[in-house]
Amino acid sequence: MFTRYAIRTLLCLAVVPAISEEPVPIQGRVFLSKAEIETTLIGKPIVSSNLSTGMVSRWQFYSDGRVDFVNQSGPGKASGKWVLNADGSMCVTMVSRTGCRYWFRNEKDGAIANTSTREPNAPTVAKIRFE
80 MFTRYAIRTL
90 LCLAVVPAIS
100 EEPVPIQGRV
110 FLSKAEIETT
120 LIGKPIVSSN
130 LSTGMVSRWQ
140 FYSDGRVDFV
150 NQSGPGKASG
160 KWVLNADGSM
170 CVTMVSRTGC
180 RYWFRNEKDG
190 AIANTSTREP
200 NAPTVAKIRF
210 E
C-alpha cells in the first residue's frame, strides 16, 4: 500500500512543473556586438515602438555621435549624443538625462529590439523597424 502511494506521489511530482518565483528566461535573443550595432543602426532612420508606453518615435543615430529623436505619438523632439560601449550597450544623453539599451535580434523572425539589461529575463523595452 505504501509503495503504491509513493509511486503515485512521484508520478505526480514528475508531471507537475516546479513552481518558481524566478521569471522564465526569454529565449531566442541574439545580442548585437558593438560592430553589428554600428553597421545595423548607425546612419539609418529607425522607428521605435515602446512596449510599455505605446509611444512611437523616430530615431536617427549619426556616425559623429549625434542623435535626433522625434515623437510620432505626440509633440516632442530632441537632439543629443550617443556612445557605444564595448559591451554592446548604447547610451543616449538628451536634455541632461542618460539612458542605456542593449540591442538584440530575435532568432525567430530577425526583428530588432532593445532592453535595459542583458539579464536573461529582462523585458523588451522597444521594438524597431527601419524606415
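In this text, residue positions in the sequence shown follow the working numbering: the first is 80, and each later residue adds one.
Note that beta-carbon positions come from the ideal geometry of N, C-alpha and C, so glycine has one too.
Proximity winner among the options, relative to residue i (alpha-carbon distances)
{"i": "A114", "options": "C170, Q151, L163 and T177", "result": "L163"}
{"i": "V149", "options": "M134, K187 and I116", "result": "M134"}
{"i": "S142", "options": "K160, L130, I125 and T132", "result": "K160"}
{"i": "S112", "options": "K187, T132, R180 and I207", "result": "R180"}
Distance CB(residue i)-CB(residue j) smaller than 8 Å
{"i": "K123", "j": "F183", "result": "no"}
{"i": "I116", "j": "G167", "result": "yes"}
{"i": "A205", "j": "S127", "result": "yes"}
{"i": "F140", "j": "R197", "result": "no"}
{"i": "N185", "j": "G107", "result": "yes"}
Simplified DSSP state of residue i, which is helix, strand or coil
{"i": "A190", "result": "coil"}
{"i": "A165", "result": "coil"}
{"i": "M134", "result": "coil"}
{"i": "Q151", "result": "coil"}
N- and C-terminal bounds of the alpha helix (DSSP H) containing residue i
{"i": "I116", "result": "K113 to T119"}
First and last residue of the uninterrupted beta strand (DSSP E) at residue i
{"i": "I125", "result": "I125 to N129"}
{"i": "A205", "result": "T203 to F209"}
{"i": "N200", "result": "Note, N200: premise wrong, no beta strand (DSSP E); not H, not E."}
Nearest-angstrom beta carbon gap, residue j and residue i [assumed within contact, 8 Å]
{"i": "R145", "j": "S131", "result": "Not confirmed; about 26 Å, so no contact."}
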